[in-house]
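K.L.:
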DNA sequence: ATAAACGCCTGGCGGC
DNA sequence: TGCCGCCAGGCGTTTA
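Numbering (this note's numbering), first residue to last: 21 to 292.
Next up, the structure:
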């Protein structure tokens, strides 16, 4: 499930493939992945050139001649590049055909991904980007900010880190890794988090995500970057996916449970 | 007002 | 071997 590091990997990959290219036409084969009117989307995006690519939270932001194209990969969204002559795979739901005859194809088995076309000059002030919290490396992400956000609620810290309105870009895998590195139980209620623990969370959020970005993200079955290049961070995961294995610090058997409906891995000895 | 539950989706897996 | 039911899981929507 692409989180910030995987989205950045895809973004870099797209830069090398499509920057400066012009979209000749666009065909949508699954209406529900387009937010707004599909026919309008197809018509509007034609003849626009890809000028820049960035990310905000887990969103890919493609700056075009007139508009910004926002893409959320959700669970299994990815891009493939194919000559326009090659028949469409059943999971390829949107085909962007460039003027050089190459398609960029949005492939999404689970059909959870979303694409939105918005005016580019105000894209960060509009929904959904204006609802996102700070990026993992934003200097505004401080202990005071987190404690203020935590103050009135009583949900587990695990669920708080998944709340994109507070910190944008953390998903289920890095959430477990950040809490393990911080020695905090995912079940800990957020309002009981101390200033020292909040500082740990911030520090480890930066550490874990930076390292993962450096390594190209985590390759699991549902993530593959657009050129088929795989990330390497899966070899660095300390806790996520290691049910019944020994904790790398104390050797205690790693627990797997559900918190807020999400599969959660933690060490019951190291994480209090 | 907040929080839990549901719905969207399909491939893969365990059980029989 | 084949079929069935269940699960994963981000996030918007609905219900409690």
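All C-beta atoms, glycine included, are put in the ideal place defined by N, C-alpha and C.
#1: For the segment 39-50 against the segment 100-120, are there 3 or more C-beta pairs whose distance is under 8 Å?
#2: So the alpha helix (DSSP H) residue 217 belongs to, where does it begin and stop?
#3: Quick one: is residue 236 buried, meaning 16 or more other Cβ sit within 10 Å of its Cβ, or exposed?
#4: Return helix, strand or coil for residue 46, following the three-state DSSP convention.
#5: To the nearest angstrom, report how far apart residue 56 and residue 64 are at their CA atoms.
#6: Kindly indicate which residue of 262, 137, 206, 163 has the alpha-carbon position closest to the one of residue 220.
#7: Counting pairs of beta carbons, one from the segment 122-130 and one from the segment 98-113, are three or more of them closer than 8 Å?
#8: In angstroms with no decimal places, state the Cα-to-Cα distance between residue 52 and residue 215.
#9: Taking buried to mean at least 16 other C-beta atoms within 10 Å of its own C-beta, is residue 284 buried or exposed?
#10: Where do the N-terminal and C-terminal ends of the beta strand (DSSP E) with residue 207 fall, by residue?
#11: Residues bridged to residue 276 by DSSP?
#12: Secondary structure at residue 257, three-state DSSP: helix, strand or coil?
#13: Report yes or no: do three or more beta-carbon pairs, one from the segment 189-201 and one from the segment 134-149, lie closer than 8 Å?
#14: Quick check: the Cα distance between residue 24 and residue 96, rounded to an integer number of angstroms?
#15: In the DSSP assignment, find the beta strand (DSSP E) that holds residue 75 and state where it starts and stops.
#16: Tell me whether residue 245 sits in a helix, a strand or coil according to DSSP, three-state version.
#17: Residues in the same chain with beta-carbon distance under 7 Å from residue 157, minus the five sequence neighbours each way, listed in chain order, please.
#18: Taking just the CA atoms, how far does residue 230 sit from residue 94?
#19: Within 10 angstroms of its Cβ, does residue 77 collect 16 or more other Cβ (buried), or is it exposed?
#20: Put residue 195 into one of helix, strand or coil per three-state DSSP.
#21: Please report the distance separating the alpha-carbon of residue 22 from that of residue 69.
#22: Go ahead and pull the three-state DSSP assignment for residue 188.
#23: Identify which residue in 129, 144, 262 has its Cα closest to the Cα of residue 136.
#24: By Cβ distance, which residues of its chain are closer than 8 Å to residue 204, with the 5 residues on each side in sequence left out?
#25: From residue 60 to residue 149, what distance separates their C-alpha atoms?
P.N.:
Reading from the atomic positions:
#1: yes
#2: It spans 215-234 - the alpha helix (DSSP H) in which residue 217 sits, taken as one unbroken run.
#3: buried
#4: strand
#5: Distance between the alpha carbons of residue 56 and residue 64: 12 Å.
#6: 163
#7: They touch, by the three-pair rule.
#8: 43 Å
#9: Buried, because 16 or more other Cβ atoms sit within 10 Å of the Cβ of residue 284.
#10: Residue 207: not part of any beta strand (DSSP E); DSSP gives it neither H nor E.
#11: 285
#12: coil
#13: Segments in contact, no.
#14: 14 Å
#15: Residues 72-76.
#16: Annotation note: pLDDT 48 at residue 245 (below 50); position unreliable, no value reported.
#17: 226
#18: 21 Å
#19: Within a 10 Å sphere around the beta-carbon of residue 77 sit 16 or more other beta-carbons, which makes this residue buried.
#20: helix
#21: Spanning the two alpha carbons is a distance of roughly 26 Å.
#22: coil
#23: In terms of Cα proximity to residue 136, the closest of 129, 144, 262 is 144.
#24: 177, 213, 217, 220, 221, 291, 292
#25: 21 Å
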